[in-house]
Amino acid sequence: MSVSGEMRDLYQDLILDHTRKPRNFHDLPQANRRAEGHNPLCGDRISLALDVQADQIREAAFEGSGCAISVASASMLTEAVTGKSVDEARCLLGAFLTQTAGSPAIAGDRQVELGKLAAFAGVREFPMRVKCATLAWRALEAALASDETAVRTQ
Amino acid sequence: MSAAAIVIETSPSEASDERLDAPAYDLDAVRAEFPILREIVRGRPLAYLDNAATTQKPERVIAAVADCYRHGYANVARGVHALAERATVAYEEARAKVARFLGAETSEEIVFVRGTTEAINLAAGSWGKANVAAGDEILITELEHHANILPWQRLCEEVGARLVVAPIDERGEVPLEGIAARLSPRTRLAAVAHVSNVLGTVLPVRQIADLVHGAGALLLVDGPQAAPHLEIDVRALGCDFYAFSGHKAYGPSGIGALWARREILAAMPPWQTGGGIVHRVTFAGTEYAEAPTRFEPGTPNLEGVLGLAAAIDFIESLGRPAIATWEKALTERALDRLAGIPGLRLLGAPRERASLVSFVLDGIHPHDVATILDGFGIAVRVGHLCAQPLMARLGVPAVVRASFALYNTLDEVEALAAGLAKAREVFR
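If you read the protein sequences in the order shown, they are chains X and P.
Going by this note's numbering, the first sequence opens with residue 1, and the numbers climb by one from there.
Going by this note's numbering, the second sequence opens with residue 155, and the numbers climb by one from there.
Structure below.
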């Protein structure tokens, strides 16, 4: 019995590396944008924190627990958005959702290079796991949309 | 996550010394009756080990549903034409069959419902609303499925009653002392699973019934995990309500039954109302029909009822003792193989276990385990299994569950063990 090709596509070395050693996996006390992604089906919970200054994401970090896909996706998200402008992060979000969930591209979206995040393309072969890959990205969407003042009071 | 995870290794000495290689029935012939078992999943033959979620259907159940539409379909208990009569007779014969299947005294004690969920909602919405008042108590246990928690929780909220919870112990059993200590003169009803859908624990329903009746309360048994595996005799069990679902017992989805003792059912007010359940309607008021008709408004699920009857015939053709013996052999093989997988924690170690096992693998999320197994064509369940309070008690967010049915093979159990070993390799 050997692991099939599509399984190898899903659990790529890059993804497993982030699962085993999640990057930016800590609290971010100075964060001014926060959102939580929760998947009630499996109990996965990803808390995303962003430090946004002058429309730029200075730092991104996450905490929580989840499956290999959701943790790796959150870890790679924090790496990908650090240093990006809010607008660039939104474009990246749109491109990631298009790749992973097959969401129709938003009109006017700039072409965005997904780079390493292309590793999640294999998830589309496993429709039940798409929500795992998009969990942190939905949190990003909420965090970017959140009202700074309201979030601070949490 | 209050308590530490329950981790008890089942020692080989606890396993039965009887090792079966084959059931008393012809396993190949039985498997041939289930067309879906010939499916190829991700390039491999399907190993369906998600039977506690729902079972697959034999040809005779599929045929019963199709034949209903082809030859015998009409509305039940309404028309006087030949097809209507045929439908009505078949519907009531099926009710009598379900009554015998459960050991009921008469078929008037059987209410057809969509499934266990609707059965318990009916009991809570009708009997509960009429009999539970502010300050009263409903007793459940810590291992209940949401379907046997939420209807009671909502009833308690609505009438100002209190939901009381009897704990499980380290084995995942429900100690009788814990139940006895939580019964009070205010207890109106206890609602317990016959078999835990997570731990496989078979609850001592007879002893629980005696305790509950001693406190002057009634007992409802949530039975879908038991009906396809154990002999059910509601009179011997001593309960007052029993609910089960057809789809977990090789029947169609969307059909199940609530059994209640005749005098209890006769005194219960209607729950959902509508056509077909009345003697006389005026704008000033309505005179309702007797039970069970009173509880079956609207056009019934005739094809589901006939499919359920065919499923009962199928189960009885093999015999529940033979089924239980084979499922025990499958479960013991699984427990034996799982014990050899490093980092695997079995959840619960009930001394009397139905044919399912739940576990977690250290460092690997249950959803990843299930996806790897799916890659080998092996279907298992993962998640909180609609028992979030039990997950909290066990200290895990989710589990992997393998559950066995009369058509499973020892090779499928071996494939599960091999798949789990592969999962450990991938996530090494």
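Note that beta-carbon positions come from the ideal geometry of N, C-alpha and C, so glycine has one too.
task = Flag Arg-196 (chain P) as yes if its beta-carbon sits less than 8 angstroms from any beta-carbon of chain X, otherwise no.
result = Here residue 196 (chain P) refers to the residue found at position 42 when the second sequence is read from its first residue. So yes, Arg-196 (chain P) belongs to the interface.
Pick from P:His-383, P:Ala-228, P:Arg-196, P:Asp-221 that is closest to Trp-480 (chain P), judged by C-alpha positions = Taking the second sequence and counting its residues from 1, one reaches residue 480 (chain P) at position 326. Checked all of P:His-383, P:Ala-228, P:Arg-196, P:Asp-221; the closest Cα to Trp-480 (chain P) is P:His-383.
request  = Examine the Cβ distances between the region 289-304 of chain P and the region 421-438 of chain P and report whether three or more of them are shorter than 8 angstroms.
outcome  = no
query = Where Val-267 (chain P) and Gly-502 (chain P) are concerned, what is the direct C-alpha to C-alpha distance, given to the nearest angstrom?
reply = Taking the first residue of the second sequence as position 1, residue 267 (chain P) is located at position 113. Taking the first residue of the second sequence as position 1, residue 502 (chain P) is located at position 348. C-alpha separation (whole angstroms): 32 angstroms.
key: Beta-carbon neighbours of Gly-66 (chain X), restricted to chain P and to distances below 8 angstroms   = Residue 66 (chain X) sits at position 66 when you count from the first residue of the first sequence. Within chain P, the residues near Gly-66 (chain X) are His-519.
ask   = Name the chain P residues that come within less than 7 angstroms of Phe-126 (chain X), Cβ to Cβ?
value = In the first sequence, counting from the first residue as 1, residue 126 (chain X) sits at position 126. Near Phe-126 (chain X) (Cβ distances below 7 angstroms), the residues of chain P are Thr-525.
inquiry  = Taking DSSP's pairing of strands, which residues face Leu-622 (chain P) in a bridge?
reply    = Because residue 622 (chain P) is not part of the residues shown, which for chain P are 155 to 582, the question remains open.
ask   = Exposed or buried, Val-234 (chain P), counting other C-beta atoms within 10 Å across all chains shown (16 or more means buried)?
value = Residue mapping note: residue 234 (chain P) aligns to position 80 of the second sequence, counting from 1. Classification of Val-234 (chain P): exposed, given that the 10 Å Cβ count is below 16.
ask   = Among P:Ala-253, P:Leu-256, P:Val-252, P:Arg-224, which has the Cα closest to the Cα of Ala-241 (chain P)?
value = Numbered from its first residue, the second sequence carries residue 241 (chain P) at position 87. That would be P:Arg-224, whose Cα lies nearest to the Cα of Ala-241 (chain P).
request  = Measure the alpha-carbon distance for Leu-50 (chain X) versus Ala-207 (chain P) and round it to whole angstroms.
outcome  = By 1-based counting over the first sequence, the position of residue 50 (chain X) is 50. By 1-based counting over the second sequence, the position of residue 207 (chain P) is 53. One C-alpha to the other measures close to 40 angstroms.
query = What is the DSSP secondary structure of Asn-285 (chain P), reduced to helix, strand or coil?
reply = By 1-based counting over the second sequence, the position of residue 285 (chain P) is 131. Residue state, collapsed to three classes: helix.
Three-pair Cβ contact test at 8 angstroms for the region 558-572 of chain P versus the region 318-328 of chain P = no
task = Please check if any C-beta of chain X sits within less than 8 angstroms of the C-beta of Lys-552 (chain P).
result = By 1-based counting over the second sequence, the position of residue 552 (chain P) is 398. For the sequence presented, residue 552 (chain P) should be read as Ala rather than Lys. Cβ-Cβ to chain X under 8 angstroms: yes for Ala-552 (chain P).
ask   = By the 10 Å Cβ neighbour count, where 16 or more other Cβ atoms means buried, how is Arg-507 (chain P) classified, buried or exposed?
value = Sequence index remark: in the second sequence, residue 507 (chain P) carries index 353 (1-based). With 16 or more Cβ atoms within 10 Å of its Cβ, Arg-507 (chain P) is classed as buried.
task = Can you give me the start and stop residues for the alpha helix (DSSP H) that Phe-398 (chain P) sits inside?
result = Taking the first residue of the second sequence as position 1, residue 398 (chain P) is located at position 244. Here Phe-398 (chain P) belongs to no alpha helix (DSSP H); instead the beta strand (DSSP E) covers 395-399.
ask   = Should Ala-136 (chain X) and Ile-69 (chain X) be called a contact, given that it needs their Cβ atoms to be closer than 8 angstroms?
value = Along the first sequence, one-based indexing puts residue 136 (chain X) at 136. Along the first sequence, one-based indexing puts residue 69 (chain X) at 69. No, these two residues do not count as a Cβ contact at 8 angstroms.
Reduced DSSP secondary structure (H/G/I, E/B, other) of His-433 (chain P) = Here residue 433 (chain P) refers to the residue found at position 279 when the second sequence is read from its first residue. If DSSP states are grouped into helix, strand and coil, His-433 (chain P) belongs with the strands.
key: Through-space distance from Ala-533 (chain P) to Ala-153 (chain P), alpha-carbon basis   = Outside the modelled stretch of chain P, which goes from 155 to 582, sits residue 153 (chain P), for which no answer is possible.
Contact list for the region 9-34 of chain X against chain P, Cβ threshold 9 angstroms = Per Cβ criterion, the list reads Leu-10, Tyr-11, Leu-16, Thr-19, Arg-20.
query = Among P:Leu-237, P:Glu-187, P:Arg-582, P:Ile-264, which has the Cα closest to the Cα of Arg-416 (chain P)?
reply = Numbered from its first residue, the second sequence carries residue 416 (chain P) at position 262. The option with the nearest alpha carbon to Arg-416 (chain P) is P:Ile-264.
key: Per DSSP, the bridge partner or partners of Glu-441 (chain P)   = Indexing the second sequence from 1 puts residue 441 (chain P) at position 287. Partner(s): P:Arg-434.
message = Check whether chain C comes within 8 angstroms of Val-3 (chain X), counting only Cβ atoms and requiring the distance to be less than that.
response = Among the protein chains in the structure shown, which are X and P, there is no chain C.
ask   = Can you name, in chain order, every residue of its own chain whose Cβ lies under 8 angstroms from the Cβ of Gly-66 (chain X), other than the five neighbours on each side?
value = Taking the first sequence and counting its residues from 1, one reaches residue 66 (chain X) at position 66. Counting only Cβ-Cβ distances below 8 angstroms, and skipping sequence neighbours, we find Asn-39, Cys-42, Asp-44, Arg-45, Ile-46, Ala-74, Cys-132, Leu-135.
message = Tell me the DSSP secondary structure of Ala-158 (chain P) in three-state form.
response = Numbered from its first residue, the second sequence carries residue 158 (chain P) at position 4. Note that Ala-158 (chain P) scores 43 on pLDDT, short of 50, meaning its location in the model is unreliable and no value can be drawn from it.
Glu-59 (chain X), enclosing beta strand (DSSP E) - first and last residue = Taking the first residue of the first sequence as 1, we reach residue 59 (chain X) at position 59. Note, Glu-59 (chain X): beta strand (DSSP E), 56-65.
task = Find the nearest neighbour of Thr-98 (chain X) within the set X:Gly-5, X:Val-123, X:Glu-36, X:Ala-31, judged by alpha-carbon distance.
result = Numbered from its first residue, the first sequence carries residue 98 (chain X) at position 98. Among X:Gly-5, X:Val-123, X:Glu-36, X:Ala-31, the Cα nearest to that of Thr-98 (chain X) is on X:Val-123.
request  = Specify the secondary structure class of Thr-100 (chain X) as computed by DSSP and reduced to three states.
outcome  = Stepping through the first sequence from its first residue, residue 100 (chain X) is reached at position 100. Helix.
key: Beta carbon proximity, Met-7 (chain X) to chain P, threshold 8 angstroms   = Stepping through the first sequence from its first residue, residue 7 (chain X) is reached at position 7. Cβ-Cβ to chain P under 8 angstroms: yes for Met-7 (chain X).
message = Spatial neighbours of Leu-544 (chain P) within its chain, please: C-beta separation below 7 angstroms, excluding the five flanking residues on both sides.
response = For the purposes of this step, residue 544 (chain P) is taken as residue 390 along the second sequence, with counting starting at 1. Excluding sequence neighbours, Leu-544 (chain P) sits near Glu-296, Leu-297, Val-352.
query = For Ala-129 (chain X), which residues in chain P fall below 8 angstroms Cβ to Cβ?
reply = In the first sequence, residue 129 (chain X) corresponds to position 129, counting from 1. The question names Ala, but residue 129 (chain X) in the sequence shown is Arg. Under the 8 angstroms cutoff, chain P gives His-521, Thr-525.
query = First and last residue of the beta strand (DSSP E) that includes Phe-449 (chain P)?
reply = For the purposes of this step, residue 449 (chain P) is taken as the residue at position 295 of the second sequence. Where Phe-449 (chain P) is concerned, there is no enclosing beta strand (DSSP E), given that its DSSP letter is neither H nor E.
ask   = Quick one: which chain X residues come within Cβ less than 8 angstroms of His-299 (chain P)?
value = Within the second sequence, the letter at position 145 stands for residue 299 (chain P). Within chain X, no residue comes near His-299 (chain P); the closest Cβ sits about 16 angstroms away, beyond 8 angstroms.
ask   = Can you name, in chain order, every residue of its own chain whose Cβ lies under 6 angstroms from the Cβ of Ala-381 (chain P), other than the five neighbours on each side?
value = Here residue 381 (chain P) refers to the residue found at position 227 of the second sequence. Excluding its 5 nearest sequence neighbours in each direction, Ala-381 (chain P) has C-beta neighbours in its own chain below 6 angstroms: Phe-398, Ala-403, listed in chain order.
request  = Identify which residue in X:Glu-125, X:Leu-140, X:Ala-121 has its Cα closest to the Cα of Leu-14 (chain X).
outcome  = Position 14 of the first sequence, counted from the start, is the residue given in the question as residue 14 (chain X). Answer by Cα proximity: X:Ala-121.
query = Which word fits Gly-5 (chain X), buried or exposed, when buried means at least 16 other C-beta atoms lie within 10 angstroms of its C-beta?
reply = In the first sequence, the residue the question calls residue 5 (chain X) occupies position 5. Exposed, since its Cβ has fewer than 16 Cβ neighbours within 10 Å.
request  = Please report how far the alpha carbon of Cys-310 (chain P) lies from the alpha carbon of Ala-301 (chain P), in whole angstroms.
outcome  = Position 156 of the second sequence, counted from the start, is the residue given in the question as residue 310 (chain P). Position 147 of the second sequence, counted from the start, is the residue given in the question as residue 301 (chain P). About 15 angstroms.
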